[in-house]
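Just so you know, we're using UniProt numbering here: the sequence shown kicks off at 1 and counts up by one.
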Amino acid sequence: MSEDAGRIAEGITVTVCGGGNAAHIAAGMFASRGATVNLFFSFKDEAERFKAACDKAGGVTVTRKDKTYFGQPKVISHDPAECIPMTDIVLLIVPAFAHEPILQQIKPHLKDGAAVGAIPGPGAFDLVALNALGDVFTQKNITLFAGTSLPWACRFDEYGAKATLLGVKTKVDITTRPNNDAKRNAWLADALTRLHDDTDFHCRGHFLMTTLWPTNAVIHPGVSYGIWHDWDGNPLDEAPLFYQNCNKFTGGVLKGMSDEIAATVEVLKSNGADLSHWQPIDVYMLDVYGDVISDHSSVDRIFATNDAFRGLKAPMITRDDGKLDPNFRTRYLTEDLPHGLAVLRGIAEICGVETPTMDKVLLWAQPLIEKEYLVDGKIKGKDVAQSGCPQRFGITTPQQLIKGDIVSLKNHL
1 MSEDAGRIAE
11 GITVTVCGGG
21 NAAHIAAGMF
31 ASRGATVNLF
41 FSFKDEAERF
51 KAACDKAGGV
61 TVTRKDKTYF
71 GQPKVISHDP
81 AECIPMTDIV
91 LLIVPAFAHE
101 PILQQIKPHL
111 KDGAAVGAIP
121 GPGAFDLVAL
131 NALGDVFTQK
141 NITLFAGTSL
151 PWACRFDEYG
161 AKATLLGVKT
171 KVDITTRPNN
181 DAKRNAWLAD
191 ALTRLHDDTD
201 FHCRGHFLMT
211 TLWPTNAVIH
221 PGVSYGIWHD
231 WDGNPLDEAP
241 LFYQNCNKFT
251 GGVLKGMSDE
261 IAATVEVLKS
271 NGADLSHWQP
281 IDVYMLDVYG
291 DVISDHSSVD
301 RIFATNDAFR
311 GLKAPMITRD
321 DGKLDPNFRT
331 RYLTEDLPHG
341 LAVLRGIAEI
351 CGVETPTMDK
361 VLLWAQPLIE
371 KEYLVDGKIK
381 GKDVAQSGCP
391 QRFGITTPQQ
401 LIKGDIVSLK
411 NHL
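This is how it looks when you write it as structure tokens:
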């Protein structure tokens, strides 16, 4: 247990869904702070593999520069009946494409008043969750929540047993649906703050603030487009730096998409959504990474001189002769289009905002992963049905989007 953790999270039962890098941190940290921690896996073999390693080690150890956390999850299972019914907070720390199937698995087992959320929670998590949970959302008084970003930079070193915490964000904003219960929101923000060491959680604004946050949904497709939009098809000898090569063209693409989101935000604000804490991409990057960015003068320089991104290279595929081709089938596009950029484009369309930059990037990227979202200037492609786009749920107006009323979505559930 870390020196100052104490039992600050005692009395909170949290089930973490997932077994990746961040799930390891959550398991060790939350348990070390006194919480009852369960781990839920969608697949039996994954649960058994994690449990065997965790049992052998006696728990999960998380190492940080100045402290160590150690904790033992109470339940590690692929059966939601073994861990969900007693859970106060269900926390999904998985790729966005896994949100919906997990929500469908846990739906029958949620207890009344449970909070169900994702950190980070991109891609209209609230609409996806409403769709998956159906009447359970209202019948069991569920609170949905999402965080704007993951609070940690981390990696697991030994599956089910050891992980390293490389960096911690001091604050993370969360949004909720419904968001009109101040007492409930205060409890949730406090509970998440108690579970995490050195990260304060603040519940504020409409859920759309998280959905419209200009993070991976903008950054990964935008930088990929900047690097590869004019690729001639010839292999490379080495992988290009992903962020440090950010030039004026790529910076213009990122700023263009951020500006289009900003225009969308203004339409939604004029319709009553509290998006007062939304940040454009340059402000957000400086807020999070300002201390390690040497040049604040423009979007391209902010990315190119960010020490936190130093050395990170574009994903590549190695040919038989050792030369390299770009790998477009990574989460930078396979996740950040259907549960990111396409969602942002869909919301902008509903708000009547012109999106020439988003369109340019989407039309370049979607054929690379053999998907269709944007067709003839509309979010109506065949793959919208497997996305978080509001068009999937029959939403056509800003008011309907803001309300997110499950009754109005009945015909689409």
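The beta carbon of each residue, even a glycine, is placed where N, CA and C say it ideally should be.
These figures come from a predicted structure and were not determined experimentally.
- Ranked by Cα distance from M29, the options V60, N131 and K248 are led by V60.
- Secondary-structure assignment with DSSP links S77 through a beta bridge to F40.
- In terms of Cβ geometry, L268 and P356 do not form a close pair [threshold 8 Å].
- Here the alpha carbons of C203 and R184 stand approximately 10 Å from one another.
- Non-local C-beta neighbours of D274 in its own chain, meaning closer than 6 Å and more than five positions away in sequence, comprise G205 and H206, ordered along the chain.
- Excluding residues up to 5 positions away in sequence, I369 lie with their Cβ nearer than 7 Å to the Cβ of R329 in the same chain.
- If the five residues before and after V375 are omitted, its C-beta is found closer than 7 Å to the C-beta atoms of G381, all from its own chain and listed in chain order.
- For T13, the uninterrupted beta strand (DSSP E) run begins and ends at T13 to C17, by DSSP.
- Look at W152 here: in three-state DSSP terms it is strand.
- DSSP places R301 in the uninterrupted alpha helix (DSSP H) bounded by V299 to A304.
- L363 and A342 do not touch by the CB rule: their CB atoms are close to 11 Å apart, not below 8 Å.
- Annotation: the continuous beta strand (DSSP E) that includes H202 extends over D200 to C203.
- Under DSSP, no beta-bridge partner is assigned to A308.
- Between the stretch 155-166 and the stretch 6-22 there are three or more C-beta pairs closer than 8 Å, enough to call the two in contact.
- Given a length threshold of 4 residues, each whole run of the alpha helix (DSSP H) inside the stretch 178-263 is given here in chain order: 182-195, 208-211 and 216-228.
- Distance between R177 and L144, taken at the CA atoms: about 5 Å.
- In this structure T63 is not in contact with T199, their Cβ atoms being roughly 17 Å apart against a cut-off of 8 Å.
- Residue state for D157 is assigned as strand, using DSSP reduced to three classes.
- Collapsing the DSSP output to three states places P398 in a helix.
- Close CB contacts of I8 within its chain, under the 7 Å cut and outside five residues either way in sequence, are with R33, G34 and R194 (chain order).
- The three-state reading of DSSP puts R64 in strand, counting E and B together.
- For M316, the enclosing beta strand (DSSP E) covers residues M316 to T318.
- Nearest to R392 by alpha-carbon distance, out of F137, F125, W152 and L236, is F125.
- In the DSSP annotation of this structure, the continuous segment of the alpha helix (DSSP H) that includes F125 starts and ends at F125 to L133.
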